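Take a look at the structure set out below.
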Amino acid sequence: MESIESIESAETTEASDLIDVAEPENAEKGGADARPDRRGLVIAAVVLLACGGLVGYGFLNTPEKPKPRAVPTAEVTYEVTGSGTAELSYLARSESGEATVEKGVTLPWKKTVQVPLGKAPTVALVLDGKGGQASCTLAIRGKHVQRATASGNFGRATCTGELPAGEHGEH
Numbered sequence: 005m006e007s008i009e010s011i012e013s014a015e016t017t018e019a020s021d022l023i024d025v026a027e028p029e030n031a032e033k034g035g036a037d038a039r040p041d042r043r044g045l046v047i048a049a050v051v052l053l054a055c056g057g058l059v060g061y062g063f064l065n066t067p068e069k070p071k072p073r074a075v076p077t078a079e080v081t082y083e084v085t086g087s088g089t090a091e092l093s094y095l096a097r098s099e100s101g102e103a104t105v106e107k108g109v110t111l112p113w114k115k116t117v118q119v120p121l122g123k124a125p126t127v128a129l130v131l132d133g134k135g136g137q138a139s140c141t142l143a144i145r146g147k148h149v150q151r152a153t154a155s156g157n158f159g160r161a162t163c164t165g166e167l168p169a170g171e172h173g174e175h
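Heads up: the sequence shown runs through residues 5 to 175, numbered per this note's numbering.
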């Protein structure tokens, strides 16, 4: 059995060997076999990983779609007079420029909408198979622009106006 003093002596020798490996004597002197300070490399790696994580989070946390800009508009009033039913299509506030279609509308009908500047406000009507007579009118900012009349089975009429992009309208 070894004595307690010899075990303590062996543990002290092993610990001093580890210290020599971690901090060689030549490192302080700047000798040929000097090793770089590993603590600095570990800290730099951790900082780089943290920065990369923040950048990645920024990319992943962005909203899917940017908010659309407010498009200037003008008030447009569409009106269809007559009796019976008709299919109506009209342009309203739609950035894609697609018309709104309503089927089986009982006449008379009137709607005031906002139309983006630069788009041509339009209302079109198609009478049903029973026919009859109906008229469409279009007013931009309260000013009458056009009137058209449809008659007979599946009679059609369209009212269109101009709304130049340069005009200042309501928002």
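For each residue, glycine too, the CB sits at the ideal point set by N, CA and C. Just so it is clear, the structure is predicted and the values come from calculations on it, not from any experiment.
Contact set for E166: own chain, Cβ-Cβ below 7 Å, skip 5 residues either direction: Excluding positions up to five away in sequence, the list reads A124.
Please classify K105 as buried or exposed, where buried requires at least 16 neighbouring CB atoms within 10 angstroms. It is worth fixing the name first, because residue 105 is Val in this sequence and not Lys. Its Cβ having fewer than 16 others within 10 Å, V105 is exposed.
To the nearest angstrom, report how far apart Q137 and S155 are at their CA atoms. Approximately 4 Å, taken between the alpha carbons.
Looking at the secondary structure, which residues open and close the beta strand (DSSP E) in which V130 lies? T126 to L131 is the extent of the beta strand (DSSP E) around V130.
Under 9 Å, Cβ to Cβ, is there at least one residue of chain B near G44? The question asks about chain B, but that chain is absent: this structure has only one protein chain.
Give the range of the beta strand (DSSP E) segment to which L167 is assigned. Note, L167: premise wrong, no beta strand (DSSP E); not H, not E.
Along the chain, where does the beta strand (DSSP E) containing G86 start, and where does it finish? It spans T77 to G86 - the beta strand (DSSP E) in which G86 sits, taken as one unbroken run.
CA-CA distance, V84 and C163? Just so you know, the alpha carbons of V84 and C163 end up roughly 10 Å apart.
According to DSSP, which residues form a beta bridge with E106? Under DSSP, E106 forms a beta bridge with L92.
I'd like to know whether the C-beta atoms of N157 and L131 end up nearer to each other than 9 Å. Yes, the Cβ-Cβ distance between N157 and L131 is below 9 Å.
If the criterion is Cβ atoms closer than 9 Å, does the pair V80 and A161 meet it? Remark: C-beta atoms of V80 and A161 do not approach each other more closely than 9 Å.
Could you tell me the distance, in whole angstroms, from the CA atom of A78 to the CA atom of T126? Each residue's alpha carbon lies about 13 Å from the other.
List the residues that DSSP assigns as beta-bridge partners of I144. Note: I144 sits in a beta bridge opposite V80 and K147.
Would you mind stating whether G159 and G122 have Cβ atoms separated by less than 9 Å? Cβ atoms of G159 and G122: not closer than 9 Å.
Please say whether A96 and V119 have beta carbons closer to each other than 9 Å? Cβ atoms of V119 and A96: closer than 9 Å.
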